[in-house]
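Here the protein sequences line up with chains A and B, keeping their order.
In terms of the numbering used here, the numbers along the first sequence are unbroken and rise by one, the last being 500.
In terms of the numbering used here, the numbers along the second sequence are unbroken and rise by one, the last being 500.
What follows is a single structure, written as structure tokens, with notes after it.
Number of protein chains: 2
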Amino acid sequence: MARGERGVTPQSEDFSSWYNETVTRAQLVERGPAKGTMVIRPYGYRIWELLQAELDRRIKDTGHENAYFPLFIPESYLKREAEHVEGFAPELAVVTHAGGKELEEPLIVRPTSETIVGEMMAKWISSYRDLPLLLNQWANVVRWELRPRLFLRTTEFLWQEGHTAHADAADALRETLQMLEVYTEIARDIAAIPVVPGEKTPGERFAGAVQTFSIEGMMRDGKALQAGTSHYLGTNFAKAFGIQYLNRAGTQELCHTTSWGMATRMIGAAVMAHGDDKGLVLPPRIAPYQVVIVPIARGEAAEEVDTAARELAGRLKAAGIRVHVDDRPQVSPGFKFNDWELRGAPLRLEIGPRDLAAGTALLARRLDAQGEGGKVAIALDTAPQTLAAALEEFQAFLLRRATDFRESRTAAVEAWPEFAQQVTVGWASALHCGRPECEDEIKAETAATPRCIPNAAPVESGICVRCGAPSAYGKRVLFARAY
Amino acid sequence: MARGERGVTPQSEDFSSWYNETVTRAQLVERGPAKGTMVIRPYGYRIWELLQAELDRRIKDTGHENAYFPLFIPESYLKREAEHVEGFAPELAVVTHAGGKELEEPLIVRPTSETIVGEMMAKWISSYRDLPLLLNQWANVVRWELRPRLFLRTTEFLWQEGHTAHADAADALRETLQMLEVYTEIARDIAAIPVVPGEKTPGERFAGAVQTFSIEGMMRDGKALQAGTSHYLGTNFAKAFGIQYLNRAGTQELCHTTSWGMATRMIGAAVMAHGDDKGLVLPPRIAPYQVVIVPIARGEAAEEVDTAARELAGRLKAAGIRVHVDDRPQVSPGFKFNDWELRGAPLRLEIGPRDLAAGTALLARRLDAQGEGGKVAIALDTAPQTLAAALEEFQAFLLRRATDFRESRTAAVEAWPEFAQQVTVGWASALHCGRPECEDEIKAETAATPRCIPNAAPVESGICVRCGAPSAYGKRVLFARAY
Ligand SMILES: [Zn+2]
Ligand SMILES: [Zn+2]
């Protein structure tokens with residue numbers, strides 16, 4: 018398939034160009050003027066709002082409260098947790114001047130908020146009765162990126178970051194895994210991405226964490242994308258910031274803290290997990306417009322058809338369906354079809370005078386099992402029910418398709434050549450010795466990294482796929498090239 | 018009334034101390050580590066979320082779409098609109114280093130986003146068909162404050178900023194006034210603040226605006242607080258950033274743009290418009306907990322009472338009421354009563370074993386016409402309906418009380434001594450010559466400034482209350498000391 022005048026580069030030709038062209042032409046996002054920043058356009062921001070609403074509800078349902086902590090963190094705070102500052106130092110943006118003067122102490126634009134939240138937690142917690150303290154914030158953060166990529170790695174991005182404090186390790190670890198499960202649900206049930214939840218190997222941990230968990234999704238090119246992380250921080254930040262409580266016995270103890278985040282990166286994940294050569298394919302639950310109606314009529318029939326389209330849109334809206342009528346007079350129906358395919362609308366309805374006379378409309382799905390969207394006539398009378406069901410089906414179809422794809426591109430490998438081959442097309446499930454140097458060699462040779470040790474993996478041990486040393490973790494590790 | 022051990026400084030003694038003690042002890046907010054920043058705690062953030070939900074719905078209902086623009090703005094952008102940069106220069110925070118290096122061009126942390134939005138609008142608009150372009154963003158902004166004040170003037174605050182582009186002045190001005198009306202509704206119908214919408218005098222305009230409108234609310238000390246602004250920017254930013262369109266006749270024309278914002282300052286406004294010597298008084302529509310249930314029982318009755326309280330809470334929640342059961346075992350009922358008065362819960366329900374036996378609970382309002390909350394028994398059976406009605410009444414009562422207060426503290430004044438006296442207790446409605454020097458003299462002598470020229474003021478002219486020159490504007494101007 019060649020690149021058409023209005024089409025995007027095919028995925029098979031250059032996945033990276035396909036991605037950049039798709040997200041910008043579909044009007045999700047574009048580059049901002051400052052290096053690595055992005056402007057999230059209304060169509061992209063609406064996807065974020067839909068994800069946010071689902072995630073925020075689950076964050077609240079699990080007992081967390083939203084709060085807001087300052088953007089600016091004194092430089093000295095970051096230095097209090099040694100591993101943390103070491104991990105983030107190369108990515109920091111620093112405010113040195115404000116109000117026309119040089120500041121006495123430079124301010125860091127938050128790359129994440131463990132330090133400033135830790136400082137406040139220390140003030141707010143005094144007794145076991147104050148625990149657990151379950152906080153979350155929706156915010157922008159800044160991490161200077163050398164190789165920025167829209168949504169995936171931007172200098173500034175939007176996210177939520179949860180921060181909690183607990184009386185003991187068990188409760189903190191339970192929280193860490195609970196939020197990983199929430200992320201798994203959001204990815205699977207909302208974005209239709211069948212992610213694999215698991216633990217990171219030590220080399221891939223968050224700077225300052227005792228254990229890091231992530232969800233990993235497979236993109237259409239077989240690479241992995243980390244779509245959310247949840248960290249058990251032990252008492253590292255509690256020690257650095259003095260987060261302590263008086264237990265029931267009247268003794269001071271350190272709190273165990275956690276943090277967890279999901280970002281606008283998730284939009285990029287949805288694009289790459291479902292898109293095709295025509296452009297975006299949006300799961301209905303995050304589609305700004307789930308149904309796009311294209312009225313097709315010229316001359317005197319046009320008014321009647323437009324009126325019918327608007328009336329239908331009103332009924333769909335009343336049924337809770339996000340609908341858009343594309344009544345642009347200056348472009349042709351064919352242009353609109355291509356446009357809404359590029360922009361990933363799950364369902365399209367065409368209505369012309371003959372359909373109207375027959376009390377029907379033509380329904381086209383963005384794609385079906387064959388990758389083509391055949392058209393079927395549906396009755397206008399029962400359109401709300403028909404389309405609500407079609408949207409549910411389409412959502413389920415995308416998840417099934419992504420699950421099949423992930424399974425077809427994941428293989429348990431036992432030997433090195435097999436491993437090296439597998440990570441060129443997908444994920445390799447392998448035993449590994451756990452040595453950082455061995456991870457480094459694998460990365461140098463294949464560009465693959467350990468994505469996670471899947472929580473659901475069965476107990477297994479043997480020898481390292483790379484070096485032959487005894488395997489670690491008691492489980493297989495998932496390796497892949499990653500975004 | 019003297020300051021009790023747990024009470025706050027009375028308003029009459031020192032309004033400013035009352036405010037600072039109230040917002041921090043009620044756990045709305047506290048100071049952040051970097052100068053002038055604030056940490057918005059869950060109880061305060063929930064108020065913001067409730068305001069946001071109401072405002073966001075109205076912004077969308079009037080056809081606007083949310084988007085997100087970068088935090089960092091190249092310094093050169095701000096300089097393109099001369100008045101704009103002059104107005105904001107003293108308040109800017111500047112990032113000079115990032116990713117371990119000094120930046121070639123310093124980045125400004127956005128104080129407001131007209132410039133960066135203007136740059137993008139210029140790319141997105143080409144024809145009259147692209148207009149009006151109606152955008153909004155929810156974001157944090159930074160303005161370096163010399164005299165910071167929690168919620169009212171903080172170095173960083175949260176807000177929404179709308180940015181729109183139109184084909185002509187009439188459409189842009191209609192938009193400016195429409196959003197002023199939306200702000201008026203939010204203040205009046207949600208925060209129970211009977212604000213006065215009007216136009217700013219030239220000296221009080223937004224830097225770069227042709228016309229600035231605001232809503233002004235009266236606080237319990239008689240001062241004014243600007244709770245939202247809406248600006249008609251003419252073609253100033255369109256010229257600076259090249260925001261143009263091809264009209265129907267095929268000619269390039271400049272767009273007319275607007276911007277409008279409402280911020281976390283609104284929380285401070287609600288605190289100062291309704292609070293009393295016991296602490297906060299929250300309008301039900303923005304109260305995190307509209308009803309607080311305090312179970313009162315010891316020993317073996319405790320379990321039964323707690324169960325009944327939770328069962329009642331479940332029924333209230335199902336009826337859409339935000340309810341909280343204060344079952345803290347470590348503090349007394351009296352402590353809880355004071356605490357929820359301080360924190361401004363509109364209604365409190367007490368349930369003890371005798372109430373339970375009688376199928377009732379004791380209802381106390383946070384305040385009534387006498388400023389005291391008398392208790393009445395209500396039936397548990399019908400509590401959801403009774404309380405829903407009581408919340409509506411309380412909301413209406415607060416608005417009526419604030420309206421009466423504003424009217425009693427606003428006076429039309431004709432002569433200077435009268436003016437000088439009036440602004441020590443409230444607002445003065447006066448004719449003014451419109452000369453900036455005369456405004457300056459008034460400010461120097463009385464600390465009062467022109468708040469706005471009320472939209473609803475009748476046509477009137479005569480001589481300036483201060484200097485005797487002919488009056489300007491064809492209307493009276495509202496003068497007051499302000500936050
Ligand atoms: Zn090895
Ligand atoms: Zn005068």
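Note that beta-carbon positions come from the ideal geometry of N, C-alpha and C, so glycine has one too.
Since this is a predicted model, take the numbers as computed values, not measurements.
| query | result |
| --- | --- |
| Chain B contact residues for Arg146 (chain A), given Cβ-Cβ distances below 7 Å | Gln347 |
| Local conformation of Arg170 (chain B) per DSSP, three classes | strand |
| Touch test, the segment 195-213 of chain B against the segment 225-237 of chain B, Cβ-Cβ under 8 Å, three pairs minimum | yes |
| Sequence-distant residues of the same chain with beta carbon closer than 8 Å to Thr136 (chain A), five excluded per side | The identity of residue 136 (chain A) in the sequence shown is Glu, whereas the question assumes Thr. So the qualifying residues of the chain are Tyr94 and Phe258. |
| Under the three-state DSSP convention, the category His449 (chain A) falls into | coil |
| For Glu410 (chain B), the nearest candidate out of B:Leu364, B:Phe32, B:Leu68 and B:Leu194 (CA to CA) | B:Leu364 |
| Closer than 8 Å to chain B by CB, Gly117 (chain A) | yes |
| Minimum length 3: unbroken beta strand (DSSP E) runs contained in the segment 319-365 of chain A | 340-342 |
| Residue environment, Arg483 (chain A), which counts as buried when at least 16 other CB atoms sit within 10 Å | buried |
| Within-8 Å CB hit, Leu88 (chain B) to chain C | Absent from the structure is chain C; the protein chains it does hold are A and B. |
| Closer than 7 Å: Cys455 (chain A) CB and nearest ligand 1 heavy atom | yes |
| Residue span of the alpha helix (DSSP H) that contains Phe258 (chain B), given as start and end | Asn253 to Phe258 |
| Distance cut-off 7 Å: Arg483 (chain B) Cβ against heavy atoms of ligand 2 | yes |
| Collapsed DSSP secondary structure at Trp35 (chain A) in the structure displayed | helix |
| Ala413 (chain B) to Ala244 (chain B) span [Cα, whole Å] | 20 Å |
| Where the alpha helix (DSSP H) containing Glu502 (chain B) begins and where it ends | For residue 502 (chain B) there is no data in the structure shown, the boundaries of chain B being 18 and 500. |
| Arg452 (chain B): CB within 7 Å of a non-hydrogen atom of ligand 2 | yes |
| Inter-residue spacing [alpha-carbon to alpha-carbon] between Arg164 (chain B) and Arg170 (chain B) | 8 Å |
| Cβ shell of Arg20 (chain A) (< 6 Å), same chain only, five flanking positions each side left out | Below a pLDDT of 50, predicted positions are generally treated as unreliable, and Arg20 (chain A), at 41, falls in that range; the measurement from the model is reported next regardless. Hits under 6 Å: Thr26. |
| In chain order, each alpha helix (DSSP H) run of at least 4 residues that lies wholly inside the segment 281-316 of chain B | 282-291 |
| N- and C-terminal bounds of the beta strand (DSSP E) containing Lys392 (chain B) | Lys392 to Ala396 |
| 8 Å Cβ cutoff, Val311 (chain A) in contact with chain B | no |
| Three-way DSSP call (helix, strand, coil) for Glu98 (chain B) in this model | coil |
| Within 8 Å of chain B by C-beta, residues of the segment 94-119 of chain A in sequence order | Tyr94, Ala106, Pro107, Glu108, Leu109, Ala110, Val111, Val112, Thr113, His114, Ala115, Gly116 and Gly117 |
| Assumed close pair Gly49 (chain B), Pro123 (chain A) - CB separation to whole angstroms, cut-off 8 Å | Going by Cβ atoms, the distance from Gly49 (chain B) to Pro123 (chain A) rounds to 16 Å, so no, they are not a contact pair. |
| CB of Gly361 (chain A) within 8 Å of CB of Ala43 (chain A), strictly | yes |
| Any chain A beta carbon closer than 8 Å to Ile284 (chain B) | no |
| Three-state secondary structure (DSSP) of Leu163 (chain A) | coil |
| Any chain B beta carbon closer than 8 Å to Trp357 (chain A) | no |
| Beta-carbon proximity list for Arg265 (chain A), same chain, < 8 Å, skipping 5 on both sides | Tyr145 |
| Segments of 4+ residues assigned as alpha helix (DSSP H) that fall wholly inside the segment 35-122 of chain A | 59-78, 92-96 and 99-105 |
| Ala445 (chain A) CB to nearest heavy atom of ligand 1 below 7 Å | no |
| His449 (chain B): CB within 7 Å of a non-hydrogen atom of ligand 2 | yes |
| Cβ of Met137 (chain A) within 8 Å of any chain B Cβ | yes |
| Limits of the alpha helix (DSSP H) - the one that Ser425 (chain B) falls within | Ala400 to Ser425 |
| Start-to-end residues for the beta strand (DSSP E) that takes in Ala486 (chain A) | No beta strand (DSSP E) holds Ala486 (chain A); DSSP gives it neither H nor E. |
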